[in-house]
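Accompanying notes for the structure given below.
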Amino acid sequence: MKYASFVIPAMLAVALGVTGYGKSDNKQPAADNKAAQSASAPAKEAPAVKADQAPTEKLNAYSEGYNRMMRGTWGLSGTYERLQKFSARAKTSDNLSLPTMSNLSGAIDSFKKGLAISGGMDDLDAALKPVVEAGEKLLAQQKELEPYFKSKAYKEDDLAKGKAAFPEMLANYDGMIAAMDKVDDLLTAYQRAASEKRLAGFKDKGDMLRYYTEESMLYAQDILSVFEDPEQTIKSAESYTKADEILPKLEASLEAHRKVIEEEKGKGTSVGSYESVNSNLTSLLGSYRDLRQKKSGNAYNSMTKRYNDAVDSYNRAARFSR
3 MKYASFVIPA MLAVALGVTG YGKSDNKQPA ADNKAAQSAS APAKEAPAVK
53 ADQAPTEKLN AYSEGYNRMM RGTWGLSGTY ERLQKFSARA KTSDNLSLPT
103 MSNLSGAIDS FKKGLAISGG MDDLDAALKP VVEAGEKLLA QQKELEPYFK
153 SKAYKEDDLA KGKAAFPEML ANYDGMIAAM DKVDDLLTAY QRAASEKRLA
203 GFKDKGDMLR YYTEESMLYA QDILSVFEDP EQTIKSAESY TKADEILPKL
253 EASLEAHRKV IEEEKGKGTS VGSYESVNSN LTSLLGSYRD LRQKKSGNAY
303 NSMTKRYNDA VDSYNRAARF SR
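In terms of the working numbering, the sequence shown has 20 at position 18, counting the first letter as 1, and numbering is strictly consecutive.
Following this line, the structure appears as structure tokens:
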């Protein structure tokens, strides 16, 4: 699932959230990551991993770092696009503000925390090291250039310092995006394995509230994964054939989830966050149907927003369930 939000498993998992593609119904969604697969490329199989290979604290740290880096208007993809335009169009006569990632430092800290925890995820560790390396270079560049732009020193040197720095900054973004493409595949696979392990545990314990929460999230992820490269897939009839096969499974899971929520309410259980998960995923169904009808960037973005809102509710439910 490309550039989604992750569930944080500290008891459950951080749900990985999805970044949106495109801003308008009048055009194809913008290419939000440079490492997007071509339309003709076969879908990549998820790496084979086992749930017991992923220490929970380590997986949590990586998921949290991923969410910090990828989500939001000023995440990796959005900031990269802004910097590309900024570096090409900046004029000394303008009031310039350097585009920077709002959560880059926090993301790098989370990745470092995960890297410091030993055990079981050597492939993901290796994939994240170049992300940290490129991120630290970007942080240093941002730290140096922010005073330059805030003080408008660029008016004194005709933007020479900025122009000299832009190529290296963009190269670091390119490296980080390419590395995050690999991280996405691996982290999704580890998250999936951990999620399936939790599902089995919930079922064994008879904890059907969390079972159907987890199951519904997985089916929603499956639908989003069909549209992994939306600039290509939202126009493809095959995408909707695949998603339509998953749709009734998600609907059935959400219906079962609603019944369990009502049962738990009758017992006096606090279910607010679980209701929010259900509500957002039910709205995701509507957004998917809009997407199927309109095949637009806005409809896709609405679907990813509903998923990310469900992720946030899921993570709140996980924290309060520990």
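The beta-carbon is built from N, C-alpha and C at its ideal position, and this holds for glycine as well.
Bear in mind the structure is a predicted one, so any value in this text is a computation, not a measurement.
The alpha helix (DSSP H) enclosing residue 253, as first and last residue numbers:
Unbroken alpha helix (DSSP H) run through residue 253: 239–268.
Secondary structure of residue 158, DSSP reduced to three states:
Three-state result, residue 158: coil.
Looking at the structure shown, is residue 181 part of a helix, part of a strand, or coil, going by DSSP?
Residue state for residue 181 is assigned as helix, using DSSP reduced to three classes.
By the three-class DSSP mapping on this structure, what secondary structure does residue 96 have?
The three-state secondary structure of residue 96, taken from DSSP, is coil.
Going by DSSP in three states, residue 273 sits in which element: helix, strand or coil?
In the structure shown, residue 273 sits in coil (DSSP, three-state: anything other than H, G, I, E or B).
Which residue comes first and which comes last in the alpha helix (DSSP H) that contains residue 103?
Boundaries cannot be given for residue 103, as no alpha helix (DSSP H) includes it and DSSP labels it neither H nor E.
Using the Cα positions of residue 213 and residue 292, report the straight-line distance between them to the nearest angstrom.
Using only the alpha carbons, I get a separation of about 28 Å.
Check whether the segment 164–175 touches the segment 74–90, counting contact only when three or more Cβ pairs, one atom from each stretch, lie closer than 8 Å.
Flag = yes, the segment 164–175 and the segment 74–90 touch.
On the three-state DSSP scale, how would you describe residue 297?
Three-state DSSP puts residue 297 in coil, outside helix and strand.
Can you check whether the CB of residue 302 is closer than 8 Å to the CB of residue 236?
Their beta carbons are under 8 Å apart, which means residue 236 touches residue 302 by this criterion.
Determine whether the beta carbon atoms of residue 215 and residue 276 lie at a separation below 8 Å.
By the CB criterion at 8 Å, residue 215 and residue 276 fall inside the cutoff.
Which whole-angstrom value is the C-beta distance of residue 98 and residue 189, which I expect to be below 8 Å?
With a Cβ gap of about 35 Å, residue 98 and residue 189 do not count as contacting.
Spatial neighbours of residue 251 in its chain, beta-carbon cut-off 7 Å, leaving aside the 5 residues before and after:
221.
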